[in-house]
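Chains as they are written, first to last, in our numbering: chain A, 1 to 292; chain B, 293 to 370.
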């Protein structure tokens, strides 16, 4: 049983990987070892497929709602979409005080998209992999946000935006200056030569601290989402294992329900946090500090 | 086999110690949130949003630990 359970869990955690095999040909990996041996130039087909499908689904749903929008009392789909848009607009405008027409649509996209990616977690763990197996596909990891490639990919896109807007708002000099002259600053006033010497003396330690702060943003952003969803998915798989035993069948069902209800909260919260932190980081990138 | 056991212990420490820190943090955060709301109930919506943001920040490190810990147990890199 133990071997079986381990195999079941491993099977559920293996991505459908496309890459170069050991013999030099390109194709789909047949087992986890082969997928691991593919190294850097491999792509997780299932994660990409589901992210793109869900992204398109998000666009279609919102497009359909916008097309049929009426100025009367909103109902059904339009009501839901308006609620989400209003919610994101309120949150964004309270955090982000600068003028940038990119931020709110991006926050909306991130929120809804990440929510959809996370929502796949609530589909019972065996349904889609079972269907895929029936169609002849060996591995199928359905929740894209349990794949660090997807979450870190999004996080590093945000990181690129942070640097882009940071340089755009402050100039290259201002951006580098922020890295060099914070958080330890030379005291105001006093002898100008001493000030310059102090600034030079503080620069290396400031650079180290600020670089860590800067790098920690995308890493924690991506790993937070990944960790939450990976842990959640793992619990779902462990609960699914309980169904194999006659004794634990009923408690398993109760646990499954309870964890799913709790997870509705978790996935919404994680999507919200991802979107809000993106806005917060970009607001920081727009903040031009008064000194220097 | 020795390595396997060490991996389990490492994962347990990762998850457990991470949870201790986060539990203290979230406890303080929740307590202060309650105090703030009791003092000024009209600030509830604002405080709740801010609390969730900070909750997410505090949550990050232990949950990364849980993720990495589970990965060490079920899909060890070595």
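Using N, Cα and C, we set each Cβ at its ideal position, and we do this for glycine too.
Item                                                                                                                      : Value
Local conformation of residue 174 (chain A) per DSSP, three classes                                                       : helix
Nearest to residue 270 (chain A) (by Cα), restricted to the options B:368, B:347, B:360                                   : B:347
Three-state secondary structure (DSSP) of residue 1 (chain A)                                                             : Reliability of the predicted coordinates at residue 1 (chain A) is poor, the pLDDT of 43 falling under 50, and the value obtained from them is presented with this limitation in mind. Of the three classes helix, strand and coil, the one that applies to residue 1 (chain A) here is coil, per DSSP.
Near-chain B residues of the segment 213-230 of chain A (beta-carbon distance less than 7 Å), N- to C-terminal order      : 220, 223, 224, 226, 227, 228, 230
Residue of A:161, A:130, A:24, A:216 minimising C-alpha distance to residue 102 (chain A)                                 : A:161
Endpoints, the beta strand (DSSP E) within which residue 24 (chain A) is located                                          : Premise fails: residue 24 (chain A) is in no beta strand (DSSP E) and is neither H nor E.
Whether residue 122 (chain A) touches residue 222 (chain A) by CB criterion (7 Å)                                         : no
Contacting residues, own chain, Cβ-Cβ under 7 Å from residue 354 (chain B) (five flanking each side not counted)          : 310, 311, 313, 314
Straight-line Cα distance separating residue 320 (chain B) from residue 332 (chain B)                                     : 18 Å
Candidates A:159, A:107, A:4, A:31: closest to residue 17 (chain A) by CA position                                        : A:31
Span separating the alpha-carbon of residue 45 (chain A) from that of residue 261 (chain A)                               : 29 Å
CB contact below 7 Å: residue 350 (chain B) versus chain A                                                                : no
Anticipated Cβ contact below 8 Å, residue 117 (chain A) with residue 145 (chain A), distance rounded                      : 4 Å
Classification of residue 293 (chain A) by the beta-carbon crowding that lies within 10 angstroms, buried from 16 upward  : This structure cannot settle anything about residue 293 (chain A), because the visible part of chain A is limited to 1 through 292.
Contact set for residue 363 (chain B): own chain, Cβ-Cβ below 7 Å, skip 5 residues either direction                       : none
Chain A residues whose Cβ lies nearer than 8 Å to that of residue 325 (chain B)                                           : The premise fails here: residue 325 (chain B) is roughly 15 Å from chain A at the closest Cβ pair, so nothing lies under 8 Å.
Cβ-heavy atom distance, residue 320 (chain B) to the ligand ATP, below 6 Å                                                : As for the ligand ATP, it is missing from this structure, which has no ligand bound.
Rounded straight-line distance, which links the Cα of residue 322 (chain B) to that of residue 343 (chain B)              : 8 Å
Limits of the alpha helix (DSSP H) - the one that residue 246 (chain A) falls within                                      : From DSSP, residue 246 (chain A) is part of no alpha helix (DSSP H); its letter is neither H nor E.
Among A:170, A:141, A:148, A:241, the one whose alpha carbon lies nearest that of residue 307 (chain A)                   : Outside the displayed span of chain A (1 to 292) sits residue 307 (chain A), for which this structure offers no information.
DSSP-derived helix/strand/coil call for residue 365 (chain B)                                                             : helix
For residue 199 (chain A) and residue 230 (chain A), the rounded distance between their alpha carbons                     : 44 Å
Boundaries of the beta strand (DSSP E) in which residue 42 (chain A) is found, first to last residue                      : 42-44
Interface residues of chain B facing residue 10 (chain A) [CB-CB closer than 7 Å]                                         : 366, 367
Residue 18 (chain A) - DSSP class collapsed to helix/strand/coil                                                          : strand
Runs of alpha helix (DSSP H) lying entirely within the segment 32-74 of chain A, each at least 4 residues, in chain order : 32-37, 45-67
Meets three-Cβ-pair contact criterion under 8 Å: the segment 9-29 of chain A and the segment 39-58 of chain A             : yes
Backbone CA spacing between residue 338 (chain B) and residue 172 (chain A) [nearest angstrom]                            : 35 Å
Meets three-Cβ-pair contact criterion under 8 Å: the segment 52-63 of chain A and the segment 233-252 of chain A          : no
Rounded straight-line distance, which links the Cα of residue 107 (chain A) to that of residue 280 (chain A)              : 10 Å
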